[in-house]
Every structure is written in structure tokens, then in C-alpha cells.
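*Asks:* Dumping the structure here so I can ask a few things about it.
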Amino acid sequence: MGLSILSLIRLSCSSLLGNPVRSFLSGIGVFMGVAAVSATLQVKNISTAVIKQQLDERDAPQIEIYTPWSPITKDQAKVGLEDLTVLQKQLKGLKSISANNWIGSLSVSFENQQANPFSFATTIDFLNTLGRKLIAGRSFNSSDFETYQPVVIIDQFLADKLFGSIDPLGKTIYINFRPYVVVGIVVTKPLWNGQEPTGVVYLPMAIYSAVTGQKGIDSLLLRPSKIENLDPMGKQAKKILEKRFIGYEFDFLKTAEDILERQKTLDSVSKALLVVGAISLIVGGVGIANITIASVIERTPEIGLRRAVGATQLDIMLQFILEAAILSFVGGTIAIITVHGATVVVAKQFKLPYEFEQKTAALALSSAILVGVGAGFFPALRASQLDPVKALRGE
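Under my numbering, think of the first position of the sequence shown as 140, with each following residue one higher.
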């Protein structure tokens, strides 16, 4: 009759504790391998969190297409809202699109407070395109455009500067001495050039065109559904527009290109480190295999004696496999705890976003146990197939 799993575990632990030096050396190999794998996964998780944090601090990744000038006629392409509609229908994977006119730094006042924020005239879906969240109030609606309503949306920075503790919603501000009603407030985000924010005000394109007489569009903003589609969508939009405007060459800018390049670099580094970690884990597995083979040879008489008193082949094989699994589990657990502690210290020192992920730990530990069991399987199988009589003689 075979031994119970609990008895086999107890026997395996007793055997490992009886040879502390051999067990320690085997565990070191597993420790190094799991530490390398775990550290690599932590680097990847932290780098992903950093990239996400940087993207959240900016407007949503988008493509900005500028209205070009003809090198022959010296005229600017007359891009209009109908072109925006064409792109909206033809572009695949488009999440949102809006037109944008850069007005500049305008004089804005409320009572005795003044500011000079950046100002933009835009279309109805601009908040979705930029990825800006409303803090209070509402976005522009179709009525604002159809009836040329003098309404504006401002950012939190400008709201604090002009209104202080007063609720800005429904209040009238003056932009270049013209009255506009504040209907919404959005979060403030850093400027693209790294400068400190000065405030932002958004006007509906309709009222801007009515006041200034300007009908054209300076640029188009396209937000793809997936960030990896930035470049393909930019090229697709360029092709569509150049077919509509013969003789004009459209260029586009990807607003998150620097972050995406950094992400590619970090992904490459993570992959390289993961290969190193995998190799270290395999080396640890080879160490376990060698130690298990040596253990089988050393304990051949013991194996023969156990077989003689009723131990089955499965008992013998499971004992050696369990020894390898226990070594892997202990070495892997210590490695994960060590890497976690080191990561917490580094993350706190450099103010990096870090959160312990059970999935990462489980992946590293299960890899170690799998390698350990795999490495110990064939020596364990060999031990189970020894002839009891020859084993008792030490052959």
C-alpha cells in the first residue's frame, strides 16, 4: 500500500533537512532564477504604470493634421467641416475627430480679475478627442453651434485664477471685451512644451467664425481607438485629404510619439531581461537535476530498503519529485519576497508607481516549481525503477 501525500511530504522535508548544504546549494540556483524572472516582471509592470501615468498627465494620444499651404499658388487649403465628416466616415478605427483653430493668448477678464490663457475654437466632440474630463458643467451641444451661442469651456487653472472660491458656472467672462458664458470646467493638463499652465479657454467654432469671419480650419485632431494605430491612421488620413486637395501636401504630428518610443525601448529591455531570467531559471533547474541524481546514487541502499519493506515505485518517484518541488517552492518564495522588498525600497526612493501583483508572483513561483519538477522527474523515475535487491547491495 502506498504512502499518503502528507507522509511523502513529511519524508521529503526530513530528507532535505538532513542534507542542509546540498539543499541550500540547490535552493540558491532556484532563488537566482526566480529573482531574475520576478525582477523582470516587476520592471515591466512599473514601466507600464509609468507610461500610463505619463499618458494620463497629457491629452489623449492623437494625430494632429495641419492645413498646408500650396507651394505653387501660395494659398492655404480650404479645409472645412465637410472634410471632417468625410474622414469620420472613411477612417477605420477612429474613436473621435474634431477641428481646431488656434486663436492665441487672449485677454480674459471677470470683474477685476484678468488672465491671458491659450484660446481655441473647436467642434462639438473636442473633449472626447482630447480625452479631457469635465470637472463641472457640460460640454458643448448642437444647439450651441446651431444658434451661435456665446459660451465657453475653461480649465481648472483659469477658473481658479479668475473666480477663486466663486462657482464659475453660468458666470459671464469677457474675451477681448466680448461677453461669454462659462458652461463647463475641465481638468488642467501640462502644456506640450513643458511650460507651466496659463489656463485654457475653448469656444465653439460657430461663434468664433461668426465673430471673426474666418471659415477655414487650422488643424484636425484624430483620436484612434487603439494607440498603436496612430501612425497608420495618420497616413490614411493624409492620403484621403491629398486626394481631396490636389497639389497640397498634408503632414501630421503624433502627440504621444516620445512616450510610445520610450515604451518600445522599455519593452525591448524587458524582453531581454526575461530571456536572462529564463536562462537563470533553467540553470537552477539543471542544478536541481544534478543534485537529485547525486542524491539518488547516494541513497541507493535506502531506496532498496524502502522497496523491500513495501514502498511502491510511485512512492519513490513522488518523494524525489516532491523534494525538487519543495526546494523550488522555498527558493522561489524567498526570491519573490526579496524582490518585492527591494522593489518597494526603489519605488519609494524614485517615486515610482508600484503595487504588488499576485499574478506576477504566482507566474514566477509556478515557473520555478514547474522547472523544479521537470528537472527532478527523470532522476526520480530512474530511482523508482531500481531493482530492490541490487539497490540494497548499493549497485
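Note that the Cβ used here is the ideal one computed from N, Cα and C, for glycine as well.
1) Run the CB neighbour count on Q91, radius 10 Å, all protein chains shown included, and call it buried at 16 or more, exposed below.
2) If I measure Cβ to Cβ from Q252 and keep anything under 6 Å in the same chain, skipping five residues before and after, which residues do I get?
3) Is it a yes or a no for the region 495-503 touching the region 427-442, going by three-plus beta-carbon pairs under 8 Å?
4) When DSSP builds the beta bridges, which residues end up paired with F249?
5) Going by the DSSP bridge assignment, what does I312 pair with across the sheet?
6) Can you tell me whether M140 is helix, strand or coil according to DSSP?
7) How should L297 be labelled, buried or exposed, when 16 other C-beta atoms within 10 angstroms of its C-beta is the threshold for buried?
8) Let me know the secondary structure DSSP gives Y341 once reduced to three states.
9) Do the region 313-331 and the region 353-369 meet, that is, are 3 or more Cβ pairs less than 8 Å apart?
10) Looking at the strands, I want to know which residues DSSP matches up with K393.
11) Roughly how far, in whole angstroms, is the beta-carbon of I312 from the beta-carbon of V291, given that I think they are within contact range, below 8 Å?
12) Need the endpoints of the alpha helix (DSSP H) that D299 sits in, please.
13) Take M140 and list the residues in its own chain whose beta-carbon comes closer than 6 Å to its own, dropping the five residues that flank it on each side.
14) For a test of the three-state rule: what should DSSP assign to L453, helix, strand or coil?
15) State the start and end residues of the unbroken beta strand (DSSP E) segment that holds L360.
16) Can you list, in chain order, the residues of its chain whose CB lies under 6 Å from that of N320, leaving out five sequence neighbours each side?
17) Work out the CA separation of S235 and E285 for me, nearest whole Å.
18) Enumerate in chain order the residues of its own chain whose CB-to-CB distance from V173 is below 6 Å, with the five nearest sequence positions on each side excluded.
19) If we ignore side chains and look at the alpha-carbon of each, how far apart do L194 and T394 end up?
20) Check whether the region 372-392 and the region 150-166 touch, using three or more Cβ-Cβ pairs below 8 Å as the test.
21) Answer yes if the region 172-192 comes into contact with the region 515-528, meaning at least three C-beta pairs across the two stretches below 8 Å, and no otherwise.
22) Taking the Cβ atom as the reference point for each residue, do G443 and M171 lie within a distance shorter than 9 Å?
23) By the 10 Å Cβ neighbour count, where 16 or more other Cβ atoms means buried, how is N368 classified, buried or exposed?
24) Is the beta carbon of G309 less than 9 Å from the beta carbon of S278?
25) Which first and last residues belong to the alpha helix (DSSP H) in which F516 is found?
26) May I ask you to report which of helix, strand or coil DSSP gives F259?
27) Measuring CB to CB, does L342 end up less than 9 Å from I314?
28) Considering only the alpha carbon of each residue, which of T206, P210, I211 lies closest to F223?
29) Exposed or buried, which one is T261 when buried takes at least 16 other CB atoms within 10 Å?
30) Thinking G232 and M372 are a contact (beta carbons under 8 Å), I'd like their distance in whole angstroms, please.
31) Within the continuous alpha helix (DSSP H) that includes A275, where are the two ends?
32) Would DSSP call L230 helix, strand or coil?
33) Check this for me: beta carbons of R438 and P527, under 9 Å apart or not?
34) With DSSP run on the structure shown, which of helix, strand or coil describes A175?
35) What three-state label does DSSP hand S209 in the structure shown?
36) For A522 and L150, what's the separation of their Cα atoms in angstroms?
*Replies:* Let's see:
1) Not covered by the structure: residue 91. The range shown for the chain is 140 to 534.
2) Taking the sequence shown and counting its residues from 1, one reaches residue 252 at position 113. Cβ neighbours of Q252 beyond the five flanking positions: L301.
3) no
4) Locating residue 249 in the sequence shown gives position 110, counting from the first residue. Answer is Q252, bridged to F249.
5) On the sequence shown, residue 312 is found 173 positions in, with the first residue counted as 1. Note: I312 sits in a beta bridge opposite Y319.
6) Reading the sequence shown from its first residue, position 1 is the one you call residue 140. At M140, the pLDDT of 45 sits below 50, so the modelled position is not reliable and the matter cannot be decided from this model.
7) Here residue 297 is taken as the residue at index 158 of the sequence shown, counted from 1. Its Cβ being crowded by 16 or more others within 10 Å, L297 is buried.
8) Position 202 of the sequence shown, counted from the start, is the residue given in the question as residue 341. Here Y341 sits in strand by DSSP.
9) no
10) To locate residue 393, count along the sequence shown from 1; it is residue 254. In the DSSP output, where bridge partners are listed per residue, K393 has I202.
11) The sequence position of residue 312 within the sequence shown is 173, counting from 1. The sequence position of residue 291 within the sequence shown is 152, counting from 1. Confirmed, about 7 Å.
12) For this step, residue 299 is matched to residue 160 along the sequence shown. 295-302 is the extent of the alpha helix (DSSP H) around D299.
13) Working through the sequence shown from its first residue, we reach residue 140 at position 1. For M140, the pLDDT reaches just 45, beneath the cut-off of 50, and the residue's location in the model is therefore unreliable, although a value from the coordinates is still provided. Nothing listed; no residue qualifies.
14) As a first step, residue 453 is located in the sequence shown; it is residue number 314 there, counting from the start. Correct three-state label for L453: helix.
15) For the purposes of this step, residue 360 is taken as residue 221 along the sequence shown, with counting starting at 1. Segment 358-363, the beta strand (DSSP E) holding L360.
16) On the sequence shown, residue 320 is found 181 positions in, with the first residue counted as 1. Note that residue 320 is Val in the sequence shown, not Asn. The residues are V290, T311.
17) Taking the first residue of the sequence shown as position 1, residue 285 is located at position 146. Taking the first residue of the sequence shown as position 1, residue 235 is located at position 96. The alpha-carbon atoms of E285 and S235 are separated by roughly 21 Å.
18) Taking the first residue of the sequence shown as 1, we reach residue 173 at position 34. Taken in chain order, the residues that qualify are G471, A474, A503, A507.
19) On the sequence shown, residue 194 is found 55 positions in, with the first residue counted as 1. On the sequence shown, residue 394 is found 255 positions in, with the first residue counted as 1. Approximately 10 Å between the Cα atoms of the pair.
20) no
21) no
22) Counted from its first residue, the sequence shown places residue 443 at position 304. Counted from its first residue, the sequence shown places residue 171 at position 32. Going by C-beta atoms, G443 is not nearer than 9 Å to M171.
23) Counting from one through the sequence shown, the residue named residue 368 turns up at place 229. When all chains shown are included, N368 counts as buried.
24) On the sequence shown, residue 309 is found 170 positions in, with the first residue counted as 1. On the sequence shown, residue 278 is found 139 positions in, with the first residue counted as 1. No, Cβ-Cβ distance for G309 and S278 is not below 9 Å.
25) Taking the first residue of the sequence shown as position 1, residue 516 is located at position 377. Where F516 is concerned, the enclosing alpha helix (DSSP H) stretches over 497-523.
26) For the purposes of this step, residue 259 is identified with residue 120 of the sequence shown, where counting begins at 1. Reduced to three states, the DSSP call for F259 is strand.
27) Here residue 342 refers to the residue found at position 203 when the sequence shown is read from its first residue. Here residue 314 refers to the residue found at position 175 when the sequence shown is read from its first residue. A contact, by the Cβ cut-off of 9 Å.
28) Reading the sequence shown from its first residue, position 84 is the one you call residue 223. A quick correction: the sequence has Leu, not Phe, at residue 223. L223 has its Cα closest to that of T206, out of T206, P210, I211.
29) Here the question's residue 261 lines up with position 122 in the sequence shown. Buried, since its Cβ has 16 or more Cβ neighbours within 10 Å.
30) For the purposes of this step, residue 232 is identified with residue 93 of the sequence shown, where counting begins at 1. For the purposes of this step, residue 372 is identified with residue 233 of the sequence shown, where counting begins at 1. Rounded, the Cβ-Cβ distance is 6 Å, consistent with contact.
31) Translated into the one-based positions of the sequence shown, residue 275 becomes position 136. First-last for A275: 273-276, but that is the beta strand (DSSP E), not the alpha helix (DSSP H).
32) Here the question's residue 230 lines up with position 91 in the sequence shown. Note: L230 maps to coil in three-state DSSP.
33) Walking along the sequence shown from the start, residue 438 turns up at place 299. Walking along the sequence shown from the start, residue 527 turns up at place 388. No; because the gap between Cβ atoms is not below 9 Å, this pair is not in contact.
34) Locating residue 175 in the sequence shown gives position 36, where the first residue counts as 1. A175: helix per DSSP, three-state reduction.
35) Residue numbering aside, residue 209 sits at position 70 when the sequence shown is read from its first letter. Correct three-state label for S209: coil.
36) By 1-based counting over the sequence shown, the position of residue 522 is 383. By 1-based counting over the sequence shown, the position of residue 150 is 11. Rounded to whole angstroms, A522 to L150 spans 16 Å at the Cα level.
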